[in-house]
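Structure first, then comments.
What follows is the structure in structure tokens.
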């Protein structure tokens with residue numbers, strides 16, 4: 001490591017070393033100049049958040065805590081059905097007879113919101129969540145994420161909860177109807193249509 005000649009105080013050296021470490025770990029602190037500017041502070045905040053997420057210390061919304069309780073819940077193959085999943089589906093489609101006949105990702109998220117006293121979209125369409133809450137650029141664990149499926153310009157999609165980073169090209173998503181179960185799965189970042197957060201909930 002070669003220290004720039006412009007770094008001439010201990011405080012500047014400390015910031016420079018911090019900037020250097022941030023860049024080495026994949027964050028963007030801006031110029032390595034020993035000045036704690038906006039980009040350096042933002043990179044440090046991102047790094048802290050990522051470490052909290054990795055340690056499982058990030059507080060998630062109530063609906064996300066509810067969703068975790070159902071991890072592993074799965075459809076039943078054949079003529080039988082998982083009563084819990086079928087019950088969720090029937091709250092939207094009373095005529096449903098099988099837990100595997102309809103996509104239920106949006107139903108799952110709406111149900112978790114309802115269990116937490118939060119109004120959802122009332123729709124079984126994944127893309128309906130693009131109109132829910134407020135848009136966010138930098139998601140936090142538990143924020144709602146909407147993906148396109150089939151075509152970006154089409155109507156099909158998938159919705160779940162952002163659950164963390166999975167490298168540069170993928171993210172983790174906790175959701176329902178993922179391989180016919182409630183699970184945490186990887187999805188391509190390129191398929192994300194948007195991240196949403198409950199309106200006014202910026203206190204996590």
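Residue numbers (the UniProt record's numbering): 1 to 204. The C-beta atom is built at its ideal place from N, Cα and C for all residues, glycine as well. Keep in mind the model is a prediction, meaning the values are calculated, not measured.
* **Cβ pair residue 25, residue 45 closer than 9 Å** => Residue 25 sits at position 25 when you count from the first residue of the chain shown. Residue 45 sits at position 45 when you count from the first residue of the chain shown. Taking 9 Å as the Cβ cut-off, residue 25 and residue 45 do not qualify as a contacting pair.
* Asked: Rounded to the nearest angstrom, how far is the Cβ of residue 135 from that of residue 196, given a contact under 8 Å?
  -> Taking the chain shown and counting its residues from 1, the one referred to as residue 135 is at position 135. Taking the chain shown and counting its residues from 1, the one referred to as residue 196 is at position 196. Rounded, the Cβ-Cβ distance is 6 Å, consistent with contact.
* To do: Return the CA-CA distance between residue 166 and residue 9, expressed in angstroms with no decimal places.
  => One-based indexing of the chain shown puts residue 166 at position 166. One-based indexing of the chain shown puts residue 9 at position 9. Between residue 166 and residue 9, the C-alpha separation is close to 38 Å.
* Asked: Among residues of its own chain, excluding the 5 on either side of residue 36, which ones have a beta-carbon nearer than 7 Å to its beta-carbon?
  -> Walking along the chain shown from the start, residue 36 turns up at place 36. Closer than 7 Å at Cβ, skipping near neighbours: 15.
* Own chain residues within Cβ distance below 7 Å of residue 228, not counting five before or after -> Only positions 1 to 204 of the chain appear in this structure, which leaves residue 228 out of reach.
* Asked: Quick one: complete alpha helix (DSSP H) runs, 4+ long, within the region 93 to 152?
  -> 105 to 115
* Asked: What is the rounded straight-line gap between the Cα of residue 172 and the Cα of residue 93?
  -> As a working mapping, residue 172 is identified with position 172 in the chain shown. As a working mapping, residue 93 is identified with position 93 in the chain shown. Between residue 172 and residue 93, the C-alpha separation is close to 29 Å.
* Asked: Between the region 115 to 125 and the region 176 to 193, do three or more beta carbon pairs fall short of 8 Å?
  -> no
* Return the CA-CA distance between residue 124 and residue 103, expressed in angstroms with no decimal places. => Residue numbering aside, residue 124 sits at position 124 when the chain shown is read from its first letter. Residue numbering aside, residue 103 sits at position 103 when the chain shown is read from its first letter. In a straight line, the C-alpha of residue 124 is about 8 Å away from that of residue 103.
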